[in-house]
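If you use the working numbering, the sequence shown corresponds to residues 1 to 180, in order.
A virtual CB, placed ideally from N, CA and C, is assigned to each residue, including glycine.
These figures come from a predicted structure and were not determined experimentally.
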Amino acid sequence: MKYKSSSIKSKWKKTQWLMEEAYFRKYIPATLPFSKKNLKSMLSDYANVYFKPTGGSGGNNIIRIRKTDQGYQKQLNTKKTTYENTDQLFRELNRHAGSRPYLLQKGIRLAKSNGKPFDTRVMVQKTTQGNWVSTVLFTKIGNPSKVATNYNQGGTIGTFNRTMARAGFDALSSSRWNRN
1 MKYKSSSIKS KWKKTQWLME EAYFRKYIPA TLPFSKKNLK SMLSDYANVY
51 FKPTGGSGGN NIIRIRKTDQ GYQKQLNTKK TTYENTDQLF RELNRHAGSR
101 PYLLQKGIRL AKSNGKPFDT RVMVQKTTQG NWVSTVLFTK IGNPSKVATN
151 YNQGGTIGTF NRTMARAGFD ALSSSRWNRN
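Following this line, the structure appears as structure tokens:
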């Protein structure tokens with residue numbers, strides 16, 4: 001995969017870039033630009049969908065949408081609102097977005113550490129010799145009542161080994177990530 005630029009800010013452009021490489025496609029959740037047609041499509045295919053700004057927002061303005069028996073539940077931070085149909089939901093999401101571009105992304109189930117959802121992050125940097133190396137491996141541990149693991153949503157940074165151990169992964173299964 002050819003490296004393009006570290007200044008790609010748009011999540012949509014990053015997603016499209018990663019999808020160019022067959023190896024990465026299987027790891028990328030279904031993602032589409034926000035539109036009424038795409039909202040209906042995503043909600044017909046997936047029980048959980050995230051509505052998020054295309055630009056980095058530090059976890060702000062991320063909304064989780066869940067199918068329920070009553071329709072669709074929208075959660076922003078800890079506030080939950082239910083809409084009977086996708087037309088009502090679309091109007092509210094469109095109002096929330098204003099003129100800012102948003103994405104719709106399939107929700108993925110996160111592992112939990114001490115009952116809190118977490119995800120893993122890897123920092124990759126280019127050396128002065130032009131080689132790419134993984135320099136940091138860590139976790140972002142979320143607040144279980146919020147929609148994302150980000151700091152602005154009450155998340156914290158965790159060490160990889162401790163988080164994995166608390167999640168019930170033994171040292172043998174997580175040791176392949178440790179090169180030291």
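Beta carbon of residue i, beta carbon of residue j: below 8 Å?
| i | j | result |
| --- | --- | --- |
| Gly142 | Pro117 | yes |
| Lys231 | Ile65 | What is shown of the chain runs 1 to 180, which leaves residue 231 out entirely. |
| Tyr50 | Gln105 | yes |
| Ile28 | Met42 | no |
| Gln70 | Thr81 | no |
| Phe160 | Thr135 | no |
| Lys36 | Tyr102 | no |
| Thr68 | Leu39 | no |
| Ile63 | Val147 | yes |
Please list the terminal residues of the continuous alpha helix (DSSP H) segment that includes residue i.
| i | result |
| --- | --- |
| Gln153 | No alpha helix (DSSP H) contains Gln153, which DSSP labels as neither H nor E. |
| Gln16 | Lys11 to Met19 |
| Lys36 | Lys36 to Asp45 |
| Asn94 | Thr86 to Ala97 |
Tell me whether residue i is buried or exposed, calling it buried when 16 or more other Cβ atoms sit within 10 Å of its Cβ.
| i | result |
| --- | --- |
| Ser145 | exposed |
| Met164 | buried |
| Ser113 | buried |
| Ile157 | exposed |
| Met123 | exposed |
| Ala22 | exposed |
| Lys126 | exposed |
| Gly59 | buried |
| Ala47 | exposed |
| Thr31 | buried |
| Phe24 | exposed |
Can you tell me which residues form a DSSP beta bridge with residue i?
| i | result |
| --- | --- |
| Trp132 | Lys126 |
| Ile141 | Phe118 and Thr156 |
| Gly71 | Thr68 |
| Thr78 | Its beta-bridge partners do not exist; DSSP assigns none. |
| Lys112 | Pro117 |
Name the residue from the options whose alpha carbon lies nearest to the alpha carbon of residue i.
| i | options | result |
| --- | --- | --- |
| Arg95 | Gln105, Met123, Asn61 and Asn114 | Asn61 |
| Gly154 | Arg166, Phe160, Lys140 and Ser41 | Lys140 |
| Arg109 | Arg162, Thr128, Lys14 and Thr149 | Thr149 |
Is residue i near the ligand FAD - that is, is its Cβ less than 7 Å away from at least one heavy atom of it?
| i | result |
| --- | --- |
| Tyr151 | Judged by which ligands are present, the structure shown has none, so any question about the ligand FAD falls away. |
Tell me the residue span of the beta strand (DSSP E) that contains residue i.
| i | result |
| --- | --- |
| Arg202 | As shown, the chain starts at 1 and ends at 180. That puts residue 202 outside it, with no answer to give. |
| Phe51 | Asn48 to Pro53 |
| Leu103 | Tyr102 to Lys106 |
| Leu32 | Thr31 to Pro33 |
| Asp23 | Per the sequence shown, the amino acid found at residue 23 is Tyr instead of Asp. Not the beta strand (DSSP E): Tyr23 falls in the alpha helix (DSSP H), residues Ala22 to Arg25. |
Does residue i get closer than 8 Å to chain B when you measure Cβ to Cβ?
| i | result |
| --- | --- |
| Pro144 | Although the question refers to chain B, the structure presented lacks it and comprises just one protein chain. |
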